[in-house]
């Protein structure tokens, strides 16, 4: 390879690097609650795959056949452990307002963090569960949810 | 310019060794700083009733820069072999080079495959978590959400400067190095890896950089596997020659 060609390639690589570094320094924290857009966003949606917890891995007093949860008092939904990695339980509020609490899946071996969110009728939520399983708490006085979308 | 300028060549070898050392030590340099306030700021956008604890939320070290050592390790090996040829007699060097390259490239292929699989699994975990709001997304944010893009950019700039120094020093040491197409392509591959890393870090918002950083790590592992296969194939004739000379 000629010296001039090699130097030209070095310059092109250097310029590209400087441009990308300059782009990377702009303010761009992002918003975690918004769905990622662009090429990466669509690739992530495709790569997400099927990781829903099967209905028979769920047990609770308030769980009725067909994946319906009829909650009169606080109800604990136990998600059995299993699977290779992370799985999700999708809950959709179909009647009333309900507070859903669950521990965050622990991938790093750190302390357990618990989060809760209030759902109104029509809202849905994905509860991520690691291979050890989890207990999801549902708190309301007379509400109904459906497991799945 | 007929003779090799040994001091410049030695400087290139030292710069290459520095590149490998910086990449190997990068997990101890990058990350580790608290990111609790940024975590709470992002978690607050989900409208949660009960906010998670921000204790222990830190910037992750990432895999991109450490995985670059798979490619730059090959560069150090190739330049190191040239350096050894200055000291060791040609006959011994020829035999050793073939055997060491065969063993080294097989080990590199296995290590790079394992490392690529680890990075790939982690990418899938990251994506599954991120795409399961709010519980999964918050768990993702706690572990990987606050990649130290500024520090990584500084470290990558240092590495790129060292890589360009290696190129310039080799050219000044002996212009015939440019006739060694394998070495030139390896140098260019190493530089392009740095550009790929800066591109993938600049492509997405900070909260997603850990995912693109892992993708870069997978790319580097694949590039290293390809180079290891090239080295393996290239070393077969010298091994056969060495075996024939013994038999």
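Residue numbers (the numbering used here), protein chains in the order written: chain A, 14 to 162; chain B, 27 to 273. Cβ atoms here follow ideal geometry from the backbone N, Cα and C, with glycine treated the same way. Keep in mind it's a predicted model, so treat the numbers as computed, not measured.
The continuous beta strand (DSSP E) containing residue 129 (chain A) extends over residues 127 to 132.
In the structure shown, residue 115 (chain A) adopts extended strand secondary structure according to DSSP, grouped into three states. Around the C-beta of residue 85 (chain A), fewer than 16 other C-beta atoms lie within 10 Å, and the residue is accordingly described as exposed.
Under the 10 Å beta carbon count, residue 98 (chain B) is surrounded by 16 or more other beta carbons and is classified as buried.
Its chain contains 84, 109, 110, 111 and 112 as the residues whose beta carbon lies nearer than 7 Å to that of residue 153 (chain A), once the 5 sequence neighbours on both sides are disregarded; these appear in chain order.
Inter-segment contact for the stretch 110 to 118 of chain B and the stretch 63 to 81 of chain B is absent: fewer than three beta-carbon pairs are separated by less than 8 Å. By the beta-carbon neighbour count (other beta carbons within 10 angstroms, threshold 16), residue 100 (chain A) is buried.
Identification of chain B residues near residue 91 (chain A) by a Cβ-Cβ cut-off of 9 Å yields none; the smallest Cβ-Cβ distance measures about 16 Å. Within chain A, the C-beta atoms nearer than 7 Å to that of residue 230 (chain B) come from 53, in chain order.
The residues 127 and 131, in chain order, have a CB closer than 6 Å to that of residue 257 (chain B) in the same chain once the five nearest residues on each side in sequence are set aside. Assignment of residue 159 (chain A) by DSSP, reduced to helix, strand and coil, places it in the strand class. What residue 49 (chain A) touches in chain B, judged by beta-carbon distance under 7 Å, is 234, going in chain order. Residue 110 (chain A) is outside the set of residues whose beta carbon lies under 8 Å from a beta carbon in chain B.
The closest CA to that of residue 230 (chain B), considering only A:37, A:15 and A:32, is found on A:37. Flagged as an interface residue toward chain B: residue 128 (chain A), by a C-beta distance shorter than 8 Å. From the beta-carbon of residue 183 (chain B), the residues of chain A found nearer than 7 Å are 34. Per DSSP, the beta-bridge partners of residue 149 (chain A) are A:90. Per DSSP, the unbroken beta strand (DSSP E) holding residue 82 (chain A) starts and ends at 81 to 84. Non-local C-beta neighbours of residue 171 (chain B) in its own chain, meaning closer than 6 Å and more than five positions away in sequence, comprise 233, ordered along the chain. Here DSSP, grouped into helix, strand and coil, assigns residue 67 (chain B) to helix. Residue 65 (chain A) carries a strand assignment under DSSP once its states are collapsed to helix, strand and coil. With a threshold of 16 other beta carbon atoms within 10 Å, residue 177 (chain B) meets it and is buried.
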